[in-house]
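Novice: In the numbering used here, the protein residues as written are 286 to 622.
For glycine and all other residues, C-beta sits at the position ideal for the given N, C-alpha and C.
Because the structure is a prediction, the values reported are computed rather than measured.
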Ligand SMILES: NC(=O)c1ccc[n+]([C@@H]2O[C@H](COP(=O)([O-])OP(=O)(O)OC[C@H]3O[C@@H](n4cnc5c(N)ncnc54)[C@H](O)[C@@H]3O)[C@@H](O)[C@H]2O)c1
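Written out as structure tokens, the structure is:
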């Protein structure tokens with residue numbers, strides 16, 4: 286039986302991936318310690334998939350606790366989402382980020398070695414490209430980072446590559462995400478950031494639902510046609526299906542492979558605001574605010590490798606992304622309870 290161990294399973298991307306895996310016939314063991322999510326998510330995954338699974342509440346950096354999750358199971362692959370992800374917070378608390386994001390990966394690898402698991406899919410990020418020299422960005426672009434969060438992804442990629450070099454039958458897929466947004470079409474699971482949202486769309490949905498007064502558009506002095514930042518957005522449902530394809534791909538090779546999950550189309554901040562207003566019928570008041578330090582003017586992906594190796598392509602439009610996020614927010618105005 287194809288059983289997948291998923292760390293960070295109750296998080297934004299983890300929860301959507303668990304639903305997709307269960308619906309596609311995989312069994313899962315799900316691990317999370319809820320440091321950035323809520324218990325409620327687990328029952329919503331079960332409800333959406335119409336299936337039960339073993340959930341282990343554990344810190345993935347705790348060796349004994351993670352071994353207990355592997356123990357007695359026949360795990361064929363790991364999808365490793367557990368990690369802290371807020372760029373700004375990582376600048377304020379670098380040690381917390383390095384400790385959690387690196388230790389979880391090393392403990393996961395330790396357990397994989399102990400229990401003979403040879404395949405891992407890791408959540409990396411477009412942040413490993415730093416400020417790109419050209420767009421769209423291909424996987425062989427120069428890597429560099431502008432904040433501790435980005436460096437944890439960069440270092441994790443190196444750790445995973447080294448492990449693949451050391452164990453000749455080991456396979457790693459490093460998925461570099463480009464701004465996943467949107468929510469499951471049911472509106473039962475979605476992005477529920479704690480505190481002030483770091484990302485554009487959750488901010489917009491909170492303005493739409495009246496939780497925040499207006500949106501700050503960060504910078505109208507970018508060297509882009511409309512002068513606001515241009516980023517690729519990828520719908521969650523599209524992103525998620527890249528994971529099962531990546532696992533199948535990992536079964537067919539050894540060594541480490543980095544793959545962008547994004548497309549060659551960027552959307553400006555104002556594109557997203559206008560689209561959201563059109564599909565939701567809700568006006569989003571906004572003000573122009575100064576750029577954040579290190580903000581990147583243009584960032585979108587060359588996804589030819591994902592098409593070639595995974596048969597993957599993003600199919601959802603910006604309308605779908607905005608509509609699904611609006612649906613999630615409308616059904617869950619205060620997020621998960
Ligand atoms: N969302 C994005 O825009 C984005 C972009 C690129 C990469 N990523 C990466 O994808 C992964 C998932 O992102 P997300 O948006 O779902 O984040 P998220 O915060 O919603 O989910 C991460 C989950 O991991 C859990 N977690 C963190 N540390 C843990 C630990 N030590 N033990 C057990 N559980 C732990 C959290 O409680 C949370 O449920 C992260 O590694 C993130 O860095 C996310």
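Can you tell me which residues form a DSSP beta bridge with residue 604?
Specialist: None; residue 604 has no bridge partner.
Novice: Considering only their Cβ atoms, is the gap separating residue 607 from residue 486 smaller than 9 Å?
Specialist: Yes. Within cutoff.
Novice: Among 589, 288, 374 and 322, whose alpha-carbon lies nearest the alpha-carbon of residue 339?
Specialist: The shortest C-alpha separation from residue 339 is found at 288.
Novice: From which residue to which residue does the alpha helix (DSSP H) around residue 564 run?
Specialist: It spans 554 to 565 - the alpha helix (DSSP H) in which residue 564 sits, taken as one unbroken run.
Novice: Beta-carbon within less than 7 Å of residue 440's beta-carbon, same chain only, minus the 5 sequence neighbours each way: which residues are those?
Specialist: The residues are 387.
Novice: Anyone know if the C-beta pair for residue 321 and residue 370 falls short of 9 Å?
Specialist: It is a contact, given that the beta carbons lie within the stated cut-off.
Novice: For residue 383, collect the residues of the same chain with a Cβ closer than 7 Å to its Cβ; drop the 5 residues on either side in sequence, then sort them by chain order.
Specialist: Excluding residues within five positions, the ones whose Cβ falls inside 7 Å are 433 and 437.
Novice: Going straight from the alpha carbon of residue 380 to that of residue 435, what length do you get?
Specialist: The straight-line gap from Cα to Cα measures roughly 13 Å.
Novice: Could you pull the DSSP bridge partners for residue 288 from this structure?
Specialist: Partner(s): 312 and 360.
Novice: Would DSSP call residue 583 helix, strand or coil?
Specialist: Strand, per DSSP.
Novice: When the Cα of residue 443 is compared with those of 428, 316 and 563, which residue comes out closest?
Specialist: Nearest of 428, 316 and 563 to residue 443, Cα basis: 428.
Novice: Skipping 5 residues on each side, what residues in its chain have a beta carbon closer than 6 Å to that of residue 570?
Specialist: Excluding positions up to five away in sequence, the list reads 499.
Novice: Taking all protein chains shown into account, decide if residue 465 is buried (16 or more other Cβ within 10 angstroms of its Cβ) or exposed.
Specialist: Burial call: buried.
Novice: Would residue 319 be called buried (16 or more neighbouring beta carbons within 10 Å of its own) or exposed?
Specialist: Exposed, by the Cβ-count rule.
Novice: Have a look at 424, 523, 496 and 346 and flag the residue whose alpha-carbon is nearest the alpha-carbon of residue 619.
Specialist: Selected option, being the one with the closest Cα: 496.
Novice: Would you mind working out which of 417, 326, 302 and 535 sits nearest residue 582, comparing C-alpha positions?
Specialist: Measuring from the Cα of residue 582, the nearest candidate turns out to be 417.
Novice: Have a look at residue 366 and residue 445 and give me their C-alpha separation to the nearest angstrom.
Specialist: If you take the alpha carbons of residue 366 and residue 445, they lie about 14 Å apart.
Novice: Name the two residues that bound the continuous beta strand (DSSP E) containing residue 541.
Specialist: Residue 541 -> beta strand (DSSP E) spans 540 to 546.
Novice: Should residue 465 be counted as a contact of ligand 1 given a C-beta to heavy atom distance under 8 Å?
Specialist: Correct: residue 465 has its Cβ closer than 8 Å to ligand 1.
Novice: Identify every run of the beta strand (DSSP E) within the stretch 446 to 475, keeping only runs that are complete inside it and at least 3 residues long; order them along the chain.
Specialist: Listed in chain order, the complete beta strand (DSSP E) runs (minimum 3 residues) inside the stretch 446 to 475 are 456 to 462.
Novice: So, helix, strand or coil for residue 298, using DSSP?
Specialist: Helix.
Novice: When burial is assigned at 16 or more other CB atoms within 10 Å of the CB, is residue 298 buried or exposed?
Specialist: So residue 298 counts as buried.
Novice: Specify the secondary structure class of residue 577 as computed by DSSP and reduced to three states.
Specialist: Note: residue 577 maps to coil in three-state DSSP.
Novice: Considering only residues of the same chain and omitting the five flanking positions on each side of residue 470, which have a CB-CB separation below 8 Å?
Specialist: Taken in chain order, the residues that qualify are 522, 609 and 612.
Novice: Can you tell me whether residue 599 sits near ligand 1, meaning its C-beta is under 8 Å from at least one heavy atom of the ligand?
Specialist: No, the beta carbon of residue 599 sits no closer than 8 Å to any heavy atom of ligand 1.
Novice: In the DSSP assignment, the alpha helix (DSSP H) including residue 330 goes from what residue to what residue?
Specialist: Its alpha helix (DSSP H) spans residues 325 to 334.
Novice: Would you please state the rounded distance, in angstroms, between the beta carbons of residue 345 and residue 302? I believe it to be under 8 Å.
Specialist: Their Cβ separation, rounded to whole angstroms, is 15 Å, which puts residue 345 and residue 302 out of contact at 8 Å.
Novice: Where residue 596 and residue 622 are concerned, what is the direct C-alpha to C-alpha distance, given to the nearest angstrom?
Specialist: Cα to Cα, the separation comes out at about 38 Å.
Novice: How about residue 550: is its Cβ closer than 8 Å to a heavy atom in ligand 1?
Specialist: Checking the Cβ of residue 550 against ligand 1 gives no.
Novice: Measure the alpha-carbon distance for residue 468 versus residue 448 and round it to whole angstroms.
Specialist: Each residue's Cα considered, the two are about 34 Å apart.
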